[in-house]
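-12 is the number of the first residue of the sequence shown in my numbering; add one for each residue after it. For each residue, glycine too, the CB sits at the ideal point set by N, CA and C. Because the structure is a prediction, the values reported are computed rather than measured. Below is one structure, written out as structure tokens; the observations come after it.
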Amino acid sequence: MSKLRADEAAELSFPGPEMHAWLHGLREKGPVVEVPFAGETAWLILSQTALATAFKDERMFPAGEHYKRVLEPSQGPTFQGREGREHHLLRSLATPAFRPRALRSWQDELSPLAHEMVDRFVGEGRVDLVERFTKIYPFLVISRMLGIPPEQEDQFHGWATAMLRFDPEANREFSEYMLPVMAERRRQPGDDVMSGLLHAEVDGRRFSDEEVLAHVRLLFSAGATTTFDALGTLLFALLTHPDVLERVHSEEDALEKAVEELFRWETPVANLPRWTLGGGELAGVEIPPQSMLLFSITGANHDPEFFTEPEVFDIDRDTRAKLTFGLGSHSCPGFHLARNELVEATRVLLERLPELQLEDEEVAQPRGFALRGSQSLPVSFRPGS
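Now the structure itself:
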């Protein structure tokens, strides 16, 4: 498996442990390994120490370059594509709604929304939880935080899903719907996230309408999608580790521990492309200017120098060295919301679906190269009401 080229690997679904076996084989060559990827050479960063250094060195490894190349052509300009003072300013405008204090006002919405979704299938006894729950729930959370009317949520979810495929027609329809809504929120702001984006001001700077649209798109691509992947994988982990599941049922803090270990064990953002403009040295390896890099967050989170028996799902381990949400000024601002969503949604599912069992472990294995998660979760349970 270690002989597999990185560009070939990116085309595979990489079910279950195959990703980790491939990375383990490459790790034997060093902390930073040259691999073919996407028709060119890339530098795969595998060790926790090297990746932590790379995350924090935004002069040598600017995060904004990746977002400018990959996301801005379809999503528009966001703080993720900027560096230095401009990044700090735009991030200060965009992220207050996702800080712990602000999220407390939305915390009470998470559990009722999960119950509302479970009500739709609780009597069936057999469903695919990805199709019926995990791939919808995070999008609905974002929709409600934005103040989208419930009768528009299905349409909004359809647009969001299509925009993740860079569908220009969905992007156009979404913008046409949003612009008059934004104009109304500028005149009469509410307590929703969209109003917050429209009226935020730092040093006399406010977002334009296009910047607000771009940041709303970012919420779906960088927020809802990764949470959907993580939620499915958390359920897979619990349903394939009955000892952990029993603890989650019986111990007060076991679910929170399981969420933290899930983010280490099978992170939704597995291998993150970046570029270095000026080049330099990392972990004793000279990286040429204008090089592509692959930040292997999965590799770093399975570094045996930091995590004993890294392939084991162990909710008692110390996970503080994990790099799931990045480091430095470009670290993920939505990690508090993601944690809360996983805890509340899983708690509701386990409460409402007694005798929950996974029907096909093979098809439910987490898959993917850059983004990674369970794409199908066929389960059975005792029907209820």
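Using a threshold of 7 Å, state whether the C-beta atoms of residue i and residue j are closer than that.
{"i": "L200", "j": "A224", "result": "no"}
{"i": "V180", "j": "L221", "result": "no"}
{"i": "M47", "j": "T254", "result": "no"}
{"i": "R91", "j": "F108", "result": "no"}
{"i": "F325", "j": "P18", "result": "Note on identity: in this sequence residue 325 is Ala, with Phe being the wrong assignment. In this structure, P18 does not lie closer than 7 Å to A325 by Cβ."}
{"i": "P125", "j": "F215", "result": "yes"}
{"i": "G51", "j": "R78", "result": "no"}
{"i": "I284", "j": "L310", "result": "yes"}
{"i": "I32", "j": "F322", "result": "no"}
{"i": "L218", "j": "T121", "result": "yes"}
{"i": "V246", "j": "V330", "result": "yes"}
{"i": "I129", "j": "L206", "result": "yes"}
{"i": "A39", "j": "H202", "result": "no"}
{"i": "V235", "j": "L242", "result": "yes"}
{"i": "V105", "j": "R339", "result": "yes"}
{"i": "L127", "j": "E111", "result": "no"}
Could you tell me if residue i is buried or exposed, where buried requires 16 or more neighbouring beta carbons within 10 angstroms of its beta carbon?
{"i": "R174", "result": "exposed"}
{"i": "Q344", "result": "exposed"}
{"i": "H75", "result": "exposed"}
{"i": "R359", "result": "buried"}
{"i": "S278", "result": "buried"}
{"i": "G371", "result": "exposed"}
{"i": "K16", "result": "exposed"}
{"i": "P64", "result": "buried"}
{"i": "M150", "result": "buried"}
{"i": "A101", "result": "buried"}
{"i": "A84", "result": "buried"}
{"i": "R172", "result": "buried"}
{"i": "S34", "result": "buried"}
{"i": "R261", "result": "buried"}
{"i": "H144", "result": "buried"}
{"i": "A41", "result": "buried"}
{"i": "R14", "result": "buried"}
{"i": "P60", "result": "exposed"}
{"i": "D240", "result": "exposed"}
{"i": "R204", "result": "buried"}
{"i": "A209", "result": "buried"}
{"i": "S182", "result": "buried"}
Between which two residues does the beta strand (DSSP E) carrying residue i extend?
{"i": "P365", "result": "365 to 367"}
{"i": "I129", "result": "Segment 124 to 133 is the alpha helix (DSSP H) holding I129; no beta strand (DSSP E) there."}
{"i": "T28", "result": "27 to 32"}
{"i": "F250", "result": "Run containing F250: none in the beta strand (DSSP E); it sits in the alpha helix (DSSP H), 241 to 252."}
{"i": "F24", "result": "19 to 24"}
{"i": "L269", "result": "267 to 269"}
{"i": "R113", "result": "113 to 115"}
Return the bridge partner residues of residue i from the DSSP annotation.
{"i": "Q344", "result": "S367"}
{"i": "R261", "result": "L280"}
{"i": "E273", "result": "E268"}
{"i": "V189", "result": "R192"}
{"i": "R373", "result": "Lying before the first or after the last residue shown, residue 373 is absent from the chain, which here runs from -12 to 372."}
{"i": "V375", "result": "Only positions -12 to 372 of the chain appear in this structure, which leaves residue 375 out of reach."}
To which residues of the same chain is residue i closer than 6 Å at the C-beta, ignoring the five residues directly before and after it?
{"i": "T252", "result": "In the sequence under discussion, the amino acid at residue 252 is Trp, which differs from the Thr named in the question. Within the same chain, W252 has close Cβ partners F300."}
{"i": "P276", "result": "G265, G266"}
{"i": "A357", "result": "N258"}
{"i": "P353", "result": "T220, E253, R359, G360, S361"}
{"i": "E138", "result": "none"}
{"i": "E5", "result": "none"}
{"i": "S316", "result": "none"}
{"i": "D290", "result": "S34, Q35"}
Can you tell me where the alpha helix (DSSP H) with residue i in it begins and where it stops?
{"i": "T220", "result": "212 to 226"}
{"i": "E328", "result": "322 to 339"}
{"i": "G71", "result": "71 to 81"}
{"i": "V57", "result": "50 to 57"}
{"i": "D230", "result": "229 to 237"}
{"i": "H289", "result": "Counting along the chain, H289 falls outside any alpha helix (DSSP H), and DSSP gives it neither H nor E."}
{"i": "H102", "result": "87 to 105"}
{"i": "L151", "result": "140 to 151"}
{"i": "K16", "result": "No alpha helix (DSSP H) holds K16; DSSP gives it neither H nor E."}
{"i": "R174", "result": "155 to 174"}
{"i": "K43", "result": "35 to 43"}
Excluding five sequence neighbours on each side, which residues of the same chain lie with their C-beta closer than 7 Å to the C-beta of residue i?
{"i": "E342", "result": "F368, R369"}
{"i": "S363", "result": "D115, V117, V350, A351"}
{"i": "P229", "result": "none"}
{"i": "W146", "result": "A157, E160, F161"}
{"i": "E27", "result": "M279"}
{"i": "D347", "result": "P365"}
{"i": "L184", "result": "A81, F194, V199, H202"}
Tell me, please, whether the CB atom of residue i is closer than 7 Å to any CB atom in chain C?
{"i": "W9", "result": "Included in the structure is just one protein chain, with no chain C present."}
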